[in-house]
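> In this note's numbering, the protein residues as written are 18 to 128.
Backbone N, C-alpha and C fix where the C-beta goes; we use that ideal spot for every residue, glycine too.
Below are the structure tokens for one structure; questions will follow.
So, in structure tokens, the structure goes:
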């Protein structure tokens, strides 16, 4: 089974953007209710800090691996073939929660 690849017109720019239709997969996925950090809680704690650090999260989302037994579930169909993803893709319903859990695990102990 694979999901179709869709092309839509960009709203504010010239050109097209591609996205995969993971809706059928998302309807069968148990939702992960992991809380995403509140920016107001985070910024209110900064006034007592002495040291600050910067994390470069460019492309970090797409570097989180999908479990090998679930890779086949990410298959997308295109005119050029069928492709499976080994890393997170936008559109998977639990990707944001898993990404937040990943970041929380990295920053654990840095409070």
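Assuming residue 104 and residue 80 form a contact by the criterion Cβ under 8 Å, report the distance between their Cβ atoms to the nearest whole angstrom.
Looking up residue 104 in the chain shown gives position 87. Looking up residue 80 in the chain shown gives position 63. Right, their Cβ atoms sit about 6 Å apart.
> In angstroms, rounded to a whole number, what distance separates the CA positions of residue 84 and residue 91?
The sequence position of residue 84 within the chain shown is 67, counting from 1. The sequence position of residue 91 within the chain shown is 74, counting from 1. Cα to Cα, the separation comes out at about 11 Å.
> Whether or not the stretch 34-45 and the stretch 103-118 are in contact is what I'm after, with contact meaning three or more pairs of Cβ atoms, one per stretch, closer than 8 Å; do they touch?
The stretch 103-118 vs the stretch 34-45: in contact.
> What are the boundary residues of the beta strand (DSSP E) that includes residue 26?
Along the chain shown, read from residue 1 onward, the residue named residue 26 stands at position 9. Element bounds for residue 26: 20-26.
> With DSSP as the reference, label residue 12 as helix, strand or coil.
Here the chain has residues from 18 to 128 only, and residue 12 is not among them.
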